[in-house]
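J.: This is the structure I want to talk about, given as C-alpha cells.
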Amino acid sequence: MRVIALGLAMLAALGLTAIGLPQVWYPMWFDQGAFAACGDVLRRGGVFLRDCWDVRGPLTPALYALATALEPTQPAVFAFNLAWQATSATLLGVLAWRMFGSRRSGMVAGALLWLTMATLNYWSVAQAEGFANLCFIAATLCVWEAGRFIDRRQTRWLFAGGAFAGALFWFKYPFALYAIVLMVWALAQRRHIGAAALVGAGAALTTALGSAYFLINGALEDLLLHLSYAIANFHNKPLDERWAWLTGLFWVEITTFVQIGSTPTAGFKDTVPQVQSLGRGYPFIMLLVALGTVRSLWSSARREAGGLAVLWLLTTMLLNLWQGHSYRYHFIIWLPPMALLAGAAFADLRPARLIARLAAPALFVAAVAGQVLAMWPWMRDAYDNVVVQGKSPHTLHLETKEAAQLLLAEFLRDNAAPADRVAVFSDTPVVYFLAQRQNATRFPYLRWADESRDADVRAALAEAYLSDLTRNPPRFFVLSRDGFPWASARFIETWKGMPDVHRFVEDNYEYIGENGPYILFHRRT
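Residue numbers 1 to 525, in my numbering, belong to the letters of the sequence shown in order.
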C-alpha cells in the first residue's frame with residue numbers, strides 16, 4: 001500500500017511539474033525586463049538605485065542576478081522562478097499540515113498554490129509578489145511554530161518570523177505591514193509584549209541590513225529619494241475623499257480578483273486558444289476558501305489556525321488597497337493564504353453528513369480540472385514547439401507579442417561593442433538584458449517621468465537621468481513611437497517634456513533609421 005501511495009505521489013508531482021514547465025519558454029514583459037536589466041547590473045557589480053533604478057525594492061533584481069549568474073537568458077530566469085515557486089508551494093504545504101494537523105490539508109494547499117502560479121499570464125510570472133510569497137509563508141510558519149514552545153526555541157522562532165517579515169520591505173515597501181500584523185498576533189496569543197518585541201526585532205534586523213547595503217555603497221541618498229517617490233505616489237486626498245476611494249476600490253479589488261478566472265492563461269501569442277471552462281477553477285477555489293474558513297473557525301481546535309490564515313488574507317487585501325491600483329499580478333499575494341484556507345477544508349474535522357464530507361473533494365477536483373484545462377493548450381503548444389519541432393528559445397520569442405524588443409536587442413548587440421553604452425527611451429527594459437549591452441543611465445524605463453506626483457522628486461530623477469547620459473554618452477539613443485509598447489504610450493512627448501535631455505540628444509545624435517516601432521539615433525563622431 002505504501003508503494004502504491006508513493007507511486008501515486010510521484011505521478012502527481014510529475015503532472016504538476018508538466019503543467020508549470022512551459023513557463024520556461026515564456027517571453028519577458030515590462031516588469032520582468034526591468035528586474036532582469038537591474039539584475040544584470042547587480043551581476044556586473046553595480047549597486048541598486050545608484051546604477052539601476054526600479055520603483056520596487058532591491059530583492060527581486062538580486063534574485064534575477066542570482067538566476068542569471070551562470071547564463072543570462074530568459075529561460076534561466078523562468079526556470080529559477082519555477083524552482084522558487086515549488087519551494088513556496090512545499091513550504092505552504094508544511095504550514096497547512098502544521099496548522100490544521102492534516103497531511104491532506106498540506107497537499108491540497110501546496111497543490112493549489114503551485115497550480116495557480118503555474119497558470120498565470122506571462123506578464124504575471126517571476127514578479128516581486130511571486131518571490132515575496134516565500135517570505136510571507138516563512139514568516140507565518142515561524143510565528144506559528146513559536147507557539148509550540150515556551151523556552152528559547154520560541155524566542156528563535158519569533159525572531160526568525162520577524163526577520164522574514166522584515167525582508168518583505170525590500171520586495172515592496174508596503175509589504176512590511178505584515179511584520180506589524182505578526183507583532184500584533186504574537187502579542188494577542190502570548191499576552192506578553194516581549195513576543196511582539198521579538199518579531200519587531202527580527203524585522204528591524206533585516207530592514208537595517210538592507211539599509212546598511214545602501215549606506216556602505218554610498219547610495220543612502222538614492223534610497224531616501226526612492227522612498228520619497230514611493231510616498232509621493234501614494235494617493236494624497238482628504239479623509240472624506242479617501243474613504244470614498246477606499247470603499248469603492250475595495251469592491252474594484254474584489255470584483256477584479258473574481259475576474260481572474262477570465263484572465264488569459266499565458267497569453268503571449270494569439271495562435272493558442274484560451275480555455276475558460278469552469279472559470280479556470282477559481283470559483284471552486286473561492287468556495288473551498290469559504291468552506292475552509294467556516295470549518296476552521298467553527299472548530300475550537302482549529303480556530304487559532306483559521307484566525308491567523310484569515311488575518312493573513314485580509315492583510316494581503318489591505319496591501320492591494322494600499323498600493324492604490326489594480327494590476328492582475330498584484331493579487332498573487334492573495335494566493336498563499338487562499339490556498340491555506342482551502343487546505344483547511346480538508347482538516348480532520350469529520351463532518352457527520354456525507355454531503356459535507358464530499359463537498360471539499362468535489363470542489364478540489366473541479367478547481368484542479370479548471371486549472372489544467374486552462375493550461376492544456378499552452379502545454380501542448382510548448383511541447384510541440386520544443387520537443388517535436390525542436391525550436392530554439394530565440395525562435396519561440398520571435399513568434400510572441402514581444403518580438404519587437406528582441407529584434408531591437410539584436411540590432412544593438414550587432415552594432416554596439418560590449419563596452420559601448422546604449423539608451424532606450426521607452427518602457428521596454430528587457431532590451432538591455434536581451435542585448436547584453438549596458439544602459440547609459442540608471443533608468444531601464446521612463447514610466448516614472450509621467451507617473452511621479454511630486455514635481456521635486458521628478459526633477460531630481462530627471463537631473464539624474466541627464467547626468468548619467470552626459471557622463472556615459474551612449475552609442476545609440478533609441479526612442480519608441482507613439483502607441484508602443486501600449487496604445488496610450490507617448491514617449492516622444494515625454495522626451496520633449498525633458499528639455500535638457502531633448503537638447504542633449506538633438507545636439508549630439510543623428511537620426512539613422514528605424515527598427516520596428518523604434519526610432520534610432522547614433523552618436524555623432
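All residues carry an ideal CB built from backbone N, CA and C; glycine is no exception.
1. Taking the beta carbon of Ser277 as the centre, do at least 16 other beta carbons fall within 10 Å, making it buried, or is it exposed?
2. Please report how far the alpha carbon of Pro61 lies from the alpha carbon of Leu49, in whole angstroms.
3. Who are the Cβ neighbours of Gly281 in its own chain at under 6 Å, not counting the five residues just before and after it?
4. Would you kindly check if the distance between the Cβ of Ala347 and the Cβ of Ser300 is under 8 Å?
5. Looking at the secondary structure, which residues open and close the alpha helix (DSSP H) in which Gly200 lies?
6. Please name the residue, chosen from Ala409, Pro27, Thr263, that lies closest to Ala374 on a Cα-to-Cα basis.
7. May I ask you to check if the CB of Glu304 is nearer than 7 Å to at least one heavy atom of the ligand SAH?
8. Sorted by chain position, which residues of the same chain lie with C-beta nearer than 7 Å to Tyr122's C-beta, five sequence neighbours on each side aside?
9. Can you tell me which residues form a DSSP beta bridge with Gln536?
10. Can you find the residues in the same chain that come closer than 8 Å, C-beta to C-beta, to Trp84, ignoring five residues on each side of it along the sequence?
11. With Tyr282 as the anchor, note down where its alpha helix (DSSP H) starts and where it stops.
12. Could you work out which residue in Ala409, Ala128, Arg152, Ala165 is closest to Leu141 when comparing CA atoms only?
13. When the distance is taken between beta carbons, is Gly516 closer than 8 Å to Ala404?
14. With H, G and I counted as helix, E and B as strand and the rest as coil, what does DSSP make of Gly279?
15. Which class does Asn121 belong to by DSSP, given the choice of helix, strand or coil?
16. For Arg421 versus Ala435, is the C-beta spacing smaller than 8 Å?
17. Less than 8 Å between the C-beta atoms of Gly161 and Gly202, yes or no?
18. Using CA coordinates, which residue listed in Leu92, Asp482, Pro72, Ser228 is at the minimum distance from Ser452?
19. Ala36 and Val430: beta carbons closer than 8 Å?
20. Can you round the beta-carbon distance between Phe491 and Phe443 to whole angstroms, since I take them to be within the 8 Å contact cut?
21. Roughly how far, in whole angstroms, is the beta-carbon of Gly343 from the beta-carbon of Gly292, given that I think they are within contact range, below 8 Å?
T.: Here's the rundown:
1. Sequence index remark: in the sequence shown, residue 277 carries index 277 (1-based). Ser277 is classed as exposed because its beta carbon has fewer than 16 other beta carbons within 10 Å across all chains shown.
2. As a first step, residue 61 is located in the sequence shown; it is residue number 61 there, counting from the start. As a first step, residue 49 is located in the sequence shown; it is residue number 49 there, counting from the start. Cα atoms of Pro61 and Leu49: separation of roughly 11 Å, rounded to the nearest angstrom.
3. Here residue 281 refers to the residue found at position 281 of the sequence shown. Cβ contact annotation for Gly281 (same chain, cutoff 6 Å, sequence separation greater than five): Ala367, Gly370, Gln371, in chain order.
4. In the sequence shown, the residue the question calls residue 300 occupies position 300. In the sequence shown, the residue the question calls residue 347 occupies position 347. Not a contact, by the Cβ cut-off of 8 Å.
5. In the sequence shown, residue 200 corresponds to position 200, counting from 1. Counting along the chain, the alpha helix (DSSP H) containing Gly200 begins and ends at 193-216.
6. Position 374 of the sequence shown, counted from the start, is the residue given in the question as residue 374. Ala374 has its Cα closest to that of Thr263, out of Ala409, Pro27, Thr263.
7. What this structure holds is no ligand at all, so the ligand SAH is not there to describe.
8. The count along the sequence shown starts at 1 and reaches residue 122 at position 122. Correct list, in chain order: Tyr26, Pro27, Trp29, Ala266, Gly267, Phe268.
9. Here the chain covers residues 1 to 525 and nothing more, so residue 536 does not appear.
10. As a working mapping, residue 84 is identified with position 84 in the sequence shown. Spatial neighbours of Trp84 in its own chain (CB-CB distance under 8 Å, excluding positions within 5 residues in sequence) are listed in chain order as Leu63, Gly130, Phe131, Leu134.
11. On the sequence shown, position 282 is the one that residue 282 refers to. Its alpha helix (DSSP H) spans residues 282-298.
12. Position 141 of the sequence shown, counted from the first residue, corresponds to residue 141. Minimum Cα distance to Leu141 is reached at Ala165.
13. In the sequence shown, counting from the first residue as 1, residue 404 sits at position 404. In the sequence shown, counting from the first residue as 1, residue 516 sits at position 516. Ala404 places its beta carbon less than 8 Å from that of Gly516.
14. Your numbering for residue 279 matches position 279 in the sequence shown. Residue state, collapsed to three classes: helix.
15. Along the sequence shown, read from residue 1 onward, the residue named residue 121 stands at position 121. In the structure shown, Asn121 sits in a strand (DSSP, three-state: E or B).
16. Working through the sequence shown from its first residue, we reach residue 421 at position 421. Working through the sequence shown from its first residue, we reach residue 435 at position 435. It is not a contact, given that the beta carbons lie outside the stated cut-off.
17. Residue mapping note: residue 161 aligns to position 161 of the sequence shown, counting from 1. Residue mapping note: residue 202 aligns to position 202 of the sequence shown, counting from 1. In contact: Gly161 and Gly202 (Cβ atoms closer than 8 Å).
18. Counting from one through the sequence shown, the residue named residue 452 turns up at place 452. Closest option to Ser452, Cα to Cα, is Ser228.
19. Here the question's residue 36 lines up with position 36 in the sequence shown. Here the question's residue 430 lines up with position 430 in the sequence shown. Yes, Cβ-Cβ distance for Ala36 and Val430 is below 8 Å.
20. Counting from one through the sequence shown, the residue named residue 491 turns up at place 491. Counting from one through the sequence shown, the residue named residue 443 turns up at place 443. The distance from the Cβ of Phe491 to that of Phe443 is about 12 Å, inconsistent with a contact at the 8 Å cut-off.
21. By 1-based counting over the sequence shown, the position of residue 343 is 343. By 1-based counting over the sequence shown, the position of residue 292 is 292. Between Gly343 and Gly292 the beta-carbon gap is near 7 Å, inside 8 Å, which marks them as a contact.
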